[in-house]
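Enquirer: Dropping the structure in here first, questions after.
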């Protein structure tokens with residue numbers, strides 16, 4: 811947590827906690843999973859904050875999508891790409 815002072819007032823730092831933490835015991839690796847809904851400016855800022863504060867920890871963002879995801883879940887970046895490609899196909903028709 812990063813604290814700072816502004817006009818002699820101490821401001822508490824900003825933190826971000828992911829929804830889940832998955833630990834793979836065989837590979838001794840840790841993966842953080844964050845469940846997303848619609849993408850907002852706050853969500854983008856939180857992702858950047860997590861990446862800045864935890865450079866060595868992987869964060870995976872998943873979104874529920876029945877249309878595009880296997881078992882209803884898909885990575886948020888993959889979902890954006892698939893929606894963009896679908897929109898391009900509809901525009902070309």
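Residue numbers (the working numbering): 811 to 903. For every residue, glycine included, the Cβ atom is placed at its ideal position computed from N, Cα and C.
Residue range of the alpha helix (DSSP H) that residue 862 falls in?
Expert: Per DSSP, residue 862 belongs to the alpha helix (DSSP H) from 851-863.
Enquirer: Contact check, residue 890 vs residue 883 under 8 Å by CB: the rounded distance?
Expert: About 15 Å; that fails the 8 Å criterion.
Enquirer: Cβ atoms of residue 885 and residue 870: under 8 Å apart, would you say?
Expert: The answer is yes: Cβ separation under 8 Å.
Enquirer: To which residues does DSSP link residue 830 through a beta bridge?
Expert: Looking at the DSSP assignment, residue 830 forms a beta bridge with 843.
Enquirer: Buried or exposed: residue 856, going by 16 or more other Cβ atoms within 10 Å of its Cβ?
Expert: The residue is buried, with at least 16 neighbouring Cβ atoms inside 10 Å.
Enquirer: In terms of residues, what are the limits of the beta strand (DSSP E) holding residue 899?
Expert: Looking at the DSSP string, residue 899 is not in any beta strand (DSSP E); the run it does join, the alpha helix (DSSP H), is 886-902.
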